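Okay, so the sequence shown: first residue is 1 according to UniProt numbering, each after it adds one.
Here the structure is laid out as structure tokens; the discussion comes afterwards.
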Amino acid sequence: MKTPQFLIDCHHHFWALGPELRYPWLGEQLVTDFFLGDYGSIRRPFLPPDLRRLIPEGYWLLGSVHCEAEADRSQAVDETRWIDALGNEQGLPTAHVGWAAFGTRECATQLDIQMQSPSFRGVRAKPATATSPGAMADMRGQANSLQDDTWCSGLALLSERGLSWDLRIPAWHLAEAAERLQEHPELRVILNHTGLPWDRTNRGLARWRRGLQQLADNPNVCVKLSELGAPGHQWVPADNLALLTEAIDIFGPERCLFASNAPVSGIQVGYGTWLQLVETAIAQTCPNARDRILWRNAIHWYRLDPHRLKTANHAPLQ
Numbered sequence: 001m002k003t004p005q006f007l008i009d010c011h012h013h014f015w016a017l018g019p020e021l022r023y024p025w026l027g028e029q030l031v032t033d034f035f036l037g038d039y040g041s042i043r044r045p046f047l048p049p050d051l052r053r054l055i056p057e058g059y060w061l062l063g064s065v066h067c068e069a070e071a072d073r074s075q076a077v078d079e080t081r082w083i084d085a086l087g088n089e090q091g092l093p094t095a096h097v098g099w100a101a102f103g104t105r106e107c108a109t110q111l112d113i114q115m116q117s118p119s120f121r122g123v124r125a126k127p128a129t130a131t132s133p134g135a136m137a138d139m140r141g142q143a144n145s146l147q148d149d150t151w152c153s154g155l156a157l158l159s160e161r162g163l164s165w166d167l168r169i170p171a172w173h174l175a176e177a178a179e180r181l182q183e184h185p186e187l188r189v190i191l192n193h194t195g196l197p198w199d200r201t202n203r204g205l206a207r208w209r210r211g212l213q214q215l216a217d218n219p220n221v222c223v224k225l226s227e228l229g230a231p232g233h234q235w236v237p238a239d240n241l242a243l244l245t246e247a248i249d250i251f252g253p254e255r256c257l258f259a260s261n262a263p264v265s266g267i268q269v270g271y272g273t274w275l276q277l278v279e280t281a282i283a284q285t286c287p288n289a290r291d292r293i294l295w296r297n298a299i300h301w302y303r304l305d306p307h308r309l310k311t312a313n314h315a316p317l318q
């Protein structure tokens, strides 16, 4: 029997939609301008067995990284504890990226409490962003943005604790983020969703490339090869393959991580289809780095314990 290809999914979400944790955006507070359009198909529980069912034949999911799923912001600690228990009970996820209220007096305490959970690795706290490149001027001095020193004080709290920051911003803010991160040279940063190249005009993609390069100049920044769905654009495999190969070329194979953004990404593209697109990009750019991008890099960037990663015969990874 052929040995399956190992895989670590570095970005997905779980939710049970029970009474314990509230997700306003999946319940009563529908997002009318959601970036992938109608998301009714994902307003149902998504748990470890559901993720495992998405893994194509020929692959073995060694582990995964759960990213905070925008639970009610008063329940950030509760979400981390629930995810930690889920990992212990069901083997997934292996690590968790939580949330904390940057720029508030509670932020440090929220981080310290979550650090008591063994799976906790860092946070995804989204800065306020412009809705389009043309709206950038309106962000000057905006609270909770990358220009807000008070909000950005959360980055120092992460760095002091050895935690990482999952950075999710549209491409027109990448250069701004690169500049802000110069103030925190020790902070480990994982750029989400290939830098969100939502502006697919020639000018927009040129801005995305420049922003990626500025972030890649920081050796403590890596990128998740994930979620290339864009508002107002159809899913075009050839276009998205080109973006993947460019991202790999810019960051290099040591700083690229496979990720799915399941179940959200499933609104536009199936898990297996996305995985094969990433495989094609690897084959075209750095075929010898397949293991690094599909699973080995995740161990380094998310500080995963190899003993918690189970192989196909259920033995710990050596």
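Even glycine gets a Cβ: it sits at the ideal position worked out from N, Cα and C.
Note that the structure is a prediction, hence the values are computed from the model and not measured.
Return helix, strand or coil for residue i, following the three-state DSSP convention.
i      : result
Phe120 : strand
Leu61  : strand
Pro42  : Rather than Pro, the amino acid found at residue 42 in this sequence is Ile. In this structure, Ile42 counts as helix in the three-state DSSP scheme.
His300 : helix
Cys10  : strand
Ala128 : strand
Gln5   : strand
Cys107 : helix
Cys152 : helix
If you follow the alpha helix (DSSP H) that residue i is part of, which residue opens it and which one closes it?
i     : result
Gly87 : 76-90
Ala95 : Not the alpha helix (DSSP H): Ala95 falls in the beta strand (DSSP E), residues 95-98.
Leu54 : 48-54
If we ignore side chains and look at the alpha-carbon of each, how far apart do residue i and residue j end up?
i      : j      : result
Asp9   : Ala262 : 9 Å
Gln268 : Ile169 : 20 Å
Arg53  : Glu279 : 19 Å
Tyr39  : Asp112 : 34 Å
Gln114 : Asn202 : 42 Å
Phe120 : Leu47  : 18 Å
Leu196 : Thr311 : 32 Å
Gly229 : Arg81  : 30 Å
Pro127 : Gly272 : 31 Å
Arg290 : Leu181 : 29 Å
Arg210 : Leu7   : 30 Å
Gln116 : Ile299 : 20 Å
Ala118 : Gly134 : One point to set straight first is that residue 118 is Pro, not Ala, in the sequence displayed. The alpha-carbon atoms of Pro118 and Gly134 are separated by roughly 43 Å.
Trp198 : Gln90  : 35 Å
Tyr302 : Asp166 : 11 Å
Ser74  : Glu179 : 31 Å
Met136 : Leu243 : 23 Å
Gln5   : Tyr59  : 5 Å
Asn144 : Leu225 : 26 Å
Thr150 : Gly87  : 34 Å
| query | Fully enclosed by the region 156-209, which beta strand (DSSP E) runs are 3 residues long or longer? | reply | 164-167, 188-191
task = Write down every uninterrupted run of the alpha helix (DSSP H) in the region 216-284 whose length is 4 residues or greater and which is fully enclosed by it, in chain order.
result = 237-251
Item to complete: Tell me, please, whether the region 7-14 touches the region 55-69 by the rule of three or more beta-carbon pairs shorter than 8 Å.
Response: yes
- Message: Closer than 8 Å is the cut-off here; do at least three beta carbon pairs connect the region 251-259 with the region 167-187?
- Response: no
| message | Contact between the region 210-224 and the region 21-41 is defined here as three or more beta-carbon pairs at a separation below 8 Å; is this criterion met? | response | no
* Asked: Are three or more beta carbon pairs between the region 97-109 and the region 151-165 nearer than 8 Å?
  -> yes
On the three-pair Cβ rule with 8 Å, is the region 20-32 touching the region 227-239?
no
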